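Take 152 as the starting number for the sequence shown in our numbering and just add one per residue.
Data first, discussion second: the structure below is written as C-alpha cells.
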Amino acid sequence: MATAIAQNLEVVRARIEAAARRAGRDPKSVTLVGVSKTVPAERVQEAVAAGLGDLGENRVQEAREKAPHLPKTVRWHLVGHLQGNKASHAARLFQVVHSIDSADLLRRLEQAAAREGRRLDALVQLDLAGEPTKFGAREDELDGILAAAATCRQVAVRGLMILPPYDPDPGQARPHFRRLRALLEEARARQPGLDLKELSMGMTEDFEVAIEEGATLVRVGRALFGERHRA
Ligand SMILES: *Cc1c(COP(=O)(O)O)cnc(C)c1O
C-alpha cells in the first residue's frame, strides 16, 4: 500500500499537471522541489522512494546531516539564506542555490565551487515587496548581480526566485509572480550571454498560481510532508 507521503506526492503531481495544462504549458516544464526542512530523513526517503528526485533545504547544516541518509541521485536545492562562510559546504552539497542576493555572495560561491571542483546552478532571490525581515536583493541590484554572473565559470545563474509576503489568500501572490517573470524576460534581453530561464516561485499555498504565472521550479513542503512541528 502507498504511504501517506507517496499519496501526497501523487496528489501534488496531479495538481501541478492540472495547473500547467490550464496555463497551456507542458507539465514537464515544472520541476517539483520537495522542501524537506524539519522532516526526518526516514520520512524524506519515503518521498524519494516514491519518485521525488529534487529536495530543498533552507539550512546548509540540516542538508549536510540528511544527505548521507538519502540516495546519491537526489538533487539538492538550497532554498534558504546562504551565509558567505558556508559557501564551501554549499558548493559541495547543492546542485542549485536559489538564494543568491548579492554579487559578493555569488563571487564567494564561485570561488568555493572552483576550490571544490564543482559546477552548480544558482538563482537570484529578489525581494520585490521590500520587506525588512526578508532576504533577497532589491530590483535595482539585479543588474549588478547579473554582471557578476557573466564572469562566473563554475556557477551558472539560471533565473530568479521569490518568496512573496505571507498571505493566506494565494491570489495575493500573483502580482509578485507576474512581476518576477517580467523581470526575468527583461534580464534575458539585457544579458543574452546568460541562460536565464528558471523561475523558482510557489509553495504549498500558492504553487498552482505560480505555475499559471510561469514557475519552472515549485518549492513545496507541507503539501508533501505534512505540517512542520519544529520552527
Ligand atoms: C519552507 C519553505 C518552502 C516550503 O513551504 P511550504 O509552505 O511548506 O510549502 C518554500 N520555500 C522556502 C524558501 C521555504 O523556506
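Quick reminder that beta carbons are idealized off the backbone N, C-alpha and C, glycines included.
Bear in mind the structure is a predicted one, so any value in this text is a computation, not a measurement.
Any non-hydrogen atom of ligand 2 within 8 Å of residue i CB
{"i": "arginine 373", "result": "Judged by which ligands are present, ligand 2 is missing from the structure shown, whose ligands are ligand 1."}
Alpha carbon of residue i to alpha carbon of residue j, nearest angstrom
{"i": "alanine 263", "j": "alanine 198", "result": "31 Å"}
{"i": "alanine 301", "j": "glutamine 158", "result": "42 Å"}
{"i": "glycine 322", "j": "valine 360", "result": "7 Å"}
{"i": "glycine 377", "j": "leucine 203", "result": "15 Å"}
{"i": "alanine 155", "j": "glutamate 161", "result": "10 Å"}
{"i": "glycine 231", "j": "leucine 368", "result": "15 Å"}
{"i": "leucine 311", "j": "arginine 166", "result": "23 Å"}
{"i": "leucine 345", "j": "valine 181", "result": "20 Å"}
{"i": "lysine 179", "j": "isoleucine 362", "result": "12 Å"}
{"i": "proline 222", "j": "leucine 375", "result": "19 Å"}
{"i": "alanine 171", "j": "leucine 350", "result": "14 Å"}
{"i": "lysine 285", "j": "leucine 279", "result": "10 Å"}
{"i": "leucine 183", "j": "alanine 200", "result": "15 Å"}
{"i": "lysine 217", "j": "glutamine 246", "result": "15 Å"}
Cβ neighbour criterion (16 or more within 10 Å) applied to residue i
{"i": "asparagine 236", "result": "exposed"}
{"i": "histidine 228", "result": "buried"}
{"i": "proline 315", "result": "buried"}
{"i": "arginine 370", "result": "buried"}
{"i": "glycine 281", "result": "exposed"}
{"i": "histidine 327", "result": "buried"}
{"i": "glutamate 261", "result": "buried"}
{"i": "aspartate 357", "result": "buried"}
{"i": "glycine 207", "result": "buried"}
Per DSSP, cross-strand counterpart(s) of residue i
{"i": "glutamate 213", "result": "Answer is none; glutamate 213 lacks a bridge partner."}
{"i": "valine 306", "result": "Leu271"}
{"i": "alanine 218", "result": "In the DSSP output, where bridge partners are listed per residue, alanine 218 has none listed."}
{"i": "isoleucine 251", "result": "Val275"}
{"i": "leucine 183", "result": "Val369"}
{"i": "glycine 207", "result": "Val186 and His228"}
{"i": "alanine 200", "result": "None; alanine 200 has no bridge partner."}
{"i": "alanine 288", "result": "Leu277"}
Candidates the options: closest to residue i by CA position
{"i": "glutamate 267", "options": "Val275, His240, Val225 and Pro326", "result": "His240"}
{"i": "arginine 173", "options": "Ala374, Arg379 and Glu364", "result": "Glu364"}
{"i": "glutamate 292", "options": "Lys285, Val275, Thr284 and Cys303", "result": "Val275"}
{"i": "isoleucine 251", "options": "Ala265, Leu244 and Gln234", "result": "Gln234"}
{"i": "arginine 259", "options": "Pro222, Ala299, Ala280 and Leu279", "result": "Ala299"}
{"i": "arginine 341", "options": "Val186, Gly295 and Pro222", "result": "Gly295"}
{"i": "aspartate 177", "options": "Glu168, Ser351 and Val184", "result": "Glu168"}
{"i": "aspartate 318", "options": "Met354, Pro343 and Lys188", "result": "Met354"}
{"i": "alanine 273", "options": "Val181, Ala254 and Lys285", "result": "Ala254"}
{"i": "valine 195", "options": "Glu337, Arg332 and Glu213", "result": "Glu213"}
{"i": "asparagine 209", "options": "Leu183, Thr182, Leu335 and His249", "result": "His249"}
{"i": "isoleucine 313", "options": "Met352, Arg330 and Phe286", "result": "Met352"}
{"i": "leucine 277", "options": "Leu271, Arg270 and Arg289", "result": "Arg289"}
{"i": "leucine 335", "options": "Ala324, Arg325, Pro343 and Leu347", "result": "Leu347"}
{"i": "arginine 270", "options": "Arg329, Val163 and Ala307", "result": "Ala307"}
{"i": "leucine 297", "options": "Leu257, Val211 and Pro219", "result": "Leu257"}
{"i": "alanine 333", "options": "Ala366, Asp320, Cys303 and Gln305", "result": "Ala366"}
{"i": "glycine 287", "options": "Val186, Leu331, Asp320 and Gln305", "result": "Leu331"}
Chain D contact for residue i (CB, 9 Å cutoff)
{"i": "alanine 263", "result": "Reference to chain D is not applicable here, since this structure consists of a single protein chain."}
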